[in-house]
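Single-structure report; data block below.
In our numbering, the protein residues as written are 1 to 191.
Right under this line is the structure:
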């Protein structure tokens with residue numbers, strides 16, 4: 001369900017763009033993002049910081065696109081998100097001495113040494129910085145159609161591939177949860 005919540009707005013954006021235009025698609029993306037946050041908040045009772053950040057950025061950049069009737073803002077929205085994520089991880093590492101990416105992976109029972117988390121954190125910082133630059137390049141030098149296809153298919157594919165590479169690398173550090181210890185039935189019989 002988490003996958004659907006995070007990627008439905010992107011897919012709906014793509015479909016709406018193909019059906020009508022960038023402004024209709026932007027409105028759909030904003031509405032779908034708000035609906036996804038609403039579902040996460042009211043049904044799952046949990047909204048991640050990443051979801052809130054993504055919502056804020058789509059509202060600001062998408063809103064500017066609709067208000068000013070200028071596609072430039074929505075085209076730069078992914079770069080803004082990637083750069084914000086890179087800066088967040090960088091500030092965590094440099095100023096707080098924390099590998100915030102470790103918090104996400106620890107929820108999946110991945111317990112790795114500090115050096116591994118440092119490597120993973122820096123790799124995500126470089127990745128997000130590269131994706132921000134790549135999106136900016138495509139947004140600037142390619143047509144709107146090419147950018148939409150890049151955003152939906154290429155960027156999402158690159159993101160999945162990078163995430164899978166990280167998970168495969170970290171798979172050796174997966175900790176199995178402790179099994180529930182059964183009660184000793186004979187202990188209750190000794191009264």
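Where is the CB? At the ideal position from N, CA and C, for every residue including glycine.
The model shown is predicted, which means the values in this text are computed figures rather than measured ones.
Do you know whose CA, among the options, lies nearest residue i's CA?
{"i": "residue 14", "options": "99, 75, 91 and 105", "result": "75"}
{"i": "residue 89", "options": "65, 126 and 64", "result": "126"}
{"i": "residue 106", "options": "12, 40, 29 and 170", "result": "170"}
{"i": "residue 87", "options": "123, 144 and 113", "result": "123"}
{"i": "residue 21", "options": "98, 43 and 145", "result": "145"}
{"i": "residue 85", "options": "97, 132 and 164", "result": "132"}
{"i": "residue 51", "options": "140, 7 and 153", "result": "7"}
By the 10 Å Cβ neighbour count, where 16 or more other Cβ atoms means buried, how is residue i classified, buried or exposed?
{"i": "residue 62", "result": "buried"}
{"i": "residue 151", "result": "buried"}
{"i": "residue 168", "result": "exposed"}
{"i": "residue 41", "result": "exposed"}
{"i": "residue 43", "result": "exposed"}
{"i": "residue 155", "result": "buried"}
{"i": "residue 102", "result": "buried"}
{"i": "residue 235", "result": "Missing from the structure shown is residue 235; the chain here goes from 1 to 191 and no further."}
Whole angstroms are fine: how far does the CA of residue j sit from the CA of residue i?
{"i": "residue 55", "j": "residue 30", "result": "8 Å"}
{"i": "residue 93", "j": "residue 35", "result": "33 Å"}
{"i": "residue 73", "j": "residue 176", "result": "45 Å"}
{"i": "residue 149", "j": "residue 33", "result": "19 Å"}
{"i": "residue 118", "j": "residue 99", "result": "6 Å"}
{"i": "residue 162", "j": "residue 130", "result": "12 Å"}
{"i": "residue 137", "j": "residue 48", "result": "29 Å"}
{"i": "residue 97", "j": "residue 19", "result": "47 Å"}
{"i": "residue 91", "j": "residue 109", "result": "25 Å"}
{"i": "residue 37", "j": "residue 147", "result": "26 Å"}
{"i": "residue 45", "j": "residue 104", "result": "18 Å"}
Less than 8 Å between CB atoms is the rule here; does residue i satisfy it with respect to chain D?
{"i": "residue 156", "result": "Here there is only one protein chain, and chain D is not present."}
Give me the Cβ distance between residue i and residue j, rounded to the nearest whole Å; I'm assuming they're in contact under 8 Å.
{"i": "residue 12", "j": "residue 28", "result": "5 Å"}
{"i": "residue 69", "j": "residue 23", "result": "7 Å"}
{"i": "residue 112", "j": "residue 17", "result": "Incorrect: roughly 40 Å between the Cβ atoms, too far for contact."}
{"i": "residue 166", "j": "residue 78", "result": "Residue 166 to residue 78, Cβ: 20 Å. No contact."}
Is it true that the CB of residue j sits closer than 8 Å to the CB of residue i?
{"i": "residue 128", "j": "residue 82", "result": "yes"}
{"i": "residue 57", "j": "residue 25", "result": "no"}
Tell me whether residue i counts as near the ligand GTP, meaning its Cβ is closer than 7 Å to at least one heavy atom of that ligand.
{"i": "residue 94", "result": "The ligand GTP is not part of this structure, which contains no ligands at all."}
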